[in-house]
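Top to bottom, those sequences are chains A and B.
All residue numbers for the first sequence refer to this note's numbering, where the first residue is 222 and numbers rise by one.
All residue numbers for the second sequence refer to this note's numbering, where the first residue is 93 and numbers rise by one.
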Amino acid sequence: MTAARPTTPADRTRDDLPRVLELPEPGAPPHAVRPGAGAWWALTVAEARMVGRDTAGLVVPLGMPVLVLVMNGLHPGLAEVIPGTDGRTALDLYVLPLTLTMVVALVGVINMPSFLAYYRRTGVLKRLGVTPASPAMVLCAQAFVGAAQILAGVALALVVAFAWLGATPPADPWVATGVLALTVTAMFAVGMLVAAVAPTPGSAVAIGLVAFFAIGALGGMFGSRENLPDALATLGGWLPFGAAVDALGAAWAGVAVPGSAVVGLAVSTAVAGGAAAAWFRWE
Amino acid sequence: MTALVAQHLRKTYRPRRRGGAPVVALDDVSLSVGPGEVAGVLGRNGAGKSTTVELLAGTRAPDAGRVRVLGLDPRADRGRVRGVLGVQLQGASLHGALTVRELVRLYRSFYPRGLAPDRLIERVGLGPSRDVRFEKLSGGQQQRVSVALALVGAPRAVVLDELTTGLDPQARRSMWSLVEDLRADGVTVLLVSHLMEEVERLCDHLTILDAGRVVARGTAAELVDRAGLRPTVTLRTDDLGAADLLHRLPVVEHVDAAGPRLTVTGTAAGPDDPRRGDLLHEVGAALAAAGVVATETQLRRPTLDDAFLALTGSPLEDS
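Quick look at the structure:
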């Protein structure tokens, strides 16, 4: 801390303060300032630190799906090979797709919106709005960090599945990758919608959880969709969770991905993303 | 070119209760700050200070009126204004889990040129806390971070909303010297405050807001004059003729006697009146000439506090 108020102008150390007179034309209208790559990088690092330091927020999307995977994977009935799938089991065709979908949904629908709602509530986005950085850069950085979290969660689940539970890789890895990418966009769009409609950080978590459990329950997270009434089972297959499980399962089996699942994911992305864009407020 | 201009700003907010009348935050508020000037906006809570800041910063649009920052419209010319206007917002928060240094570096990265983060952190007195997370800082330390972030882009104009709220007296003085340094570097400063001492000390001129309207503007001395307040001299004497003697002086308006204690009020002279400020001297000379012994003689000039009270009808400290 500066010890005392300087008494004469000569005493002042001004080398660390603005030097306006260095500007080429002090009176001229300033040029537009666009944050460069350095700003994007700095903001992404900042968001990564925020997410990384929120330990509790990391445990759920990384830990819970793996726990579900392991508990299901130890069930002896899952080792049974399903005919016509080149030696794949229910673990490969159902539990693993479910696990990966959970990772994506937990990050996209619960974690990301809670950060954005917190930023809006506390004025972080408002403060950024008076700098050359755009609050939209925070959204991009959060999405990037969310994608990194998903990659970590997916990698963890796959390592556990392949190394310990004896799972088989997907028959069509590229289709699986594409379906996973489409799942990420759909879940992020739902998450942005949650962030857009939630008035407070607490309600963002609540709405995110309800959305997660709703699409999860209809998508077969707690048991086969076949047990649901027909209308709900069909709806669950269109919603992003069930659609992702179906599409990933098809990619693992090497059969054609159901058109309804792809359409469901694409429509979820467009509708939820559009609504989020229309309703999102920076403060 | 005027650095900061607000012309006839009007801003209403939606009523708090359904069907209620809209809340008028600002009603025909104008102010202008020249390049390199330090100007103050003074008012109690709810007077419209923060709304004025938000309109100048361009985070809100006025219902009517015009805002110019270095000749630019802060909403239409967002990109150009953001690079040269530093803003400290009331109640705006920051990434809580980041440390002081991480935050200052982050905000520095938004600007093509600016101040060295580490030296700026030292300058606002946060050197020892540089690696502490923002959410763990005290209110006064958080306040200093927000001041640092307003300055990190080496702005040509700064709007500081409640610069020293929550700071201890030493930190407050350090912030004041920071503002003096900004002035020395030709940075235009708009200081929003409810501290009389602060604006009186730092500001070239000030605008007093009350209930969304400008009630007075001018230098601190002009505002005191405009309020029509007079200097008084208090003294103690046992001489029974002293009151009459003093009352006959041309610089004296009236004399109140409470036992041996006299309160001598000067005439309502304008700022150019040669007699102004001589009340103490005139009273002293008259008493000496008459051989009256007086003790505890004290001159009390009206302060900006008195002027604020007179101009708005209630004291600032009630806010």
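In this text, a Cβ means the ideal position worked out from N, Cα and C, and glycines have one as well.
The structure presented is a predicted model; accordingly, all values stated were derived computationally and were not measured.
From the beta carbon of residue i, is the nearest beta carbon of chain B less than 8 angstroms away?
i: Thr343 of chain A; result: yes
i: Leu337 of chain A; result: no
i: Gly259 of chain A; result: yes
i: Leu279 of chain A; result: no
i: Val254 of chain A; result: yes
i: Met271 of chain A; result: yes
i: Leu414 of chain A; result: no
i: Arg274 of chain A; result: yes
i: Ala425 of chain A; result: no
i: Ala263 of chain A; result: yes
i: Ala300 of chain A; result: no
i: Ala267 of chain A; result: yes
Leaving aside the five residues before and after residue i along the sequence, list all residues of the same chain whose C-beta is less than 7 angstroms from its C-beta, in chain order.
i: Thr320 of chain A; result: Pro286, Val289, Leu290, Ala378
i: Tyr315 of chain A; result: Gly470
i: Arg205 of chain B; result: Ala246
i: Gly219 of chain B; result: Ile213
i: Ser230 of chain B; result: none
i: Glu243 of chain A; result: Interpretation of Glu243 of chain A is limited by its pLDDT of 38, a score under 50 that renders its predicted location unreliable; the figure taken from the coordinates is listed afterwards. Once the five neighbours on either side are set aside, Glu243 of chain A has no close Cβ partner at all.
i: Arg342 of chain A; result: Thr421, Pro422
i: Gln363 of chain A; result: Glu268, Met333, Phe336, Leu337
i: Gln233 of chain B; result: Leu218, Ser221
i: Asp370 of chain B; result: Val343
i: Thr406 of chain A; result: Thr490
i: Ala388 of chain A; result: Leu312, Asp313, Leu317, Ala382
i: Leu208 of chain B; result: Note on identity: in this sequence residue 208 of chain B is Ala, with Leu being the wrong assignment. Cβ within range, chain order: n/a, list empty.
Who are residue i's beta bridge partners in DSSP?
i: Arg102 of chain B; result: B:Asp119, B:Ala156
i: Arg305 of chain B; result: B:Asp302
i: Val250 of chain B; result: B:Gly178, B:Val281
i: Ser124 of chain B; result: B:Val97
i: Gly358 of chain B; result: B:Val344
i: Ala131 of chain B; result: B:Leu282, B:His297
i: Gln390 of chain B; result: B:Thr326
i: Val302 of chain A; result: A:Thr310
i: Arg353 of chain B; result: B:Arg328, B:Ala350
i: Gly310 of chain B; result: B:Leu298
i: Leu287 of chain B; result: DSSP lists no partner for Leu287 of chain B.
i: Val161 of chain B; result: B:Leu96, B:Leu164
Please confirm if residue i has its CB atom under 8 angstroms from at least one CB of chain A.
i: Ala131 of chain B; result: no
i: Thr151 of chain B; result: yes
i: His297 of chain B; result: no
i: Leu101 of chain B; result: no
If I measure Cβ to Cβ from residue i and keep anything under 8 angstroms in the same chain, skipping five residues before and after, which residues do I get?
i: Met267 of chain B; result: Val216, Arg236, Val239, Leu255, Thr256, Leu259
i: Thr191 of chain B; result: Arg222, Asp223, Val224, Arg225, Phe226
i: Leu283 of chain A; result: Val324, Gln370, Ala373, Gly374, Leu377
i: Glu388 of chain B; result: Thr326, Leu327, Arg328
i: Ala354 of chain A; result: Pro256, Ala260, Leu264
i: Glu345 of chain B; result: Arg322, Thr357, Gly358, Thr359, Ala360
i: Leu195 of chain B; result: Leu186, His187, Phe226, Val237, Leu241
i: Thr455 of chain A; result: none
i: Ala184 of chain B; result: Ser238
Only counting the same chain, and skipping five residues up and downstream in sequence, which positions put a Cβ closer than 6 angstroms to that of residue i?
i: Trp349 of chain A; result: Per the sequence shown, residue 349 of chain A should be read as Leu rather than Trp. If we look at Leu349 of chain A and ignore the five residues flanking it on each side, its Cβ neighbours are Pro356.
i: Pro334 of chain A; result: Gly412, Val415, Ala416, Ala425, Gly429
i: Leu177 of chain B; result: Val161, Pro247, Ala249
i: Met358 of chain A; result: Leu264
i: Leu123 of chain B; result: Ala98, Thr299
Quick one, which residues of the segment 341–374 of chain A are near chain B if we go by CB-CB under 8 angstroms, in chain order? The residues in question are Thr343, Gly344, Val345, Lys347, Arg348, Gly350, Val351, Thr352, Pro353, Ala354.
The segment 172–194 of chain B: positions lying closer than 8 angstroms to chain A by Cβ: Arg172, Val173, Arg174, Gly175, Val176, Leu177, Val179, Leu181, Gly183, Ala184, Ser185, Leu186, His187, Gly188, Ala189, Leu190, Glu194
Chain A contacts from the segment 197–210 of chain B (Cβ-Cβ distance under 8 angstroms): Arg197, Leu198, Tyr199, Ser201, Phe202, Tyr203, Pro204, Leu207, Ala208
Every unbroken alpha helix (DSSP H) within the segment 340–398 of chain A, with a cutoff of 4 residues, ordered by chain: Segments of the alpha helix (DSSP H) lying fully in the segment 340–398 of chain A: 345–350, 356–384.
List in chain order: all unbroken alpha helix (DSSP H) runs of 4+ residues lying wholly within the segment 189–241 of chain B. 192–200, 209–215
Secondary structure, alpha helix (DSSP H): runs of 4+ residues fully inside the segment 412–490 of chain A: 422–439, 451–459, 461–474
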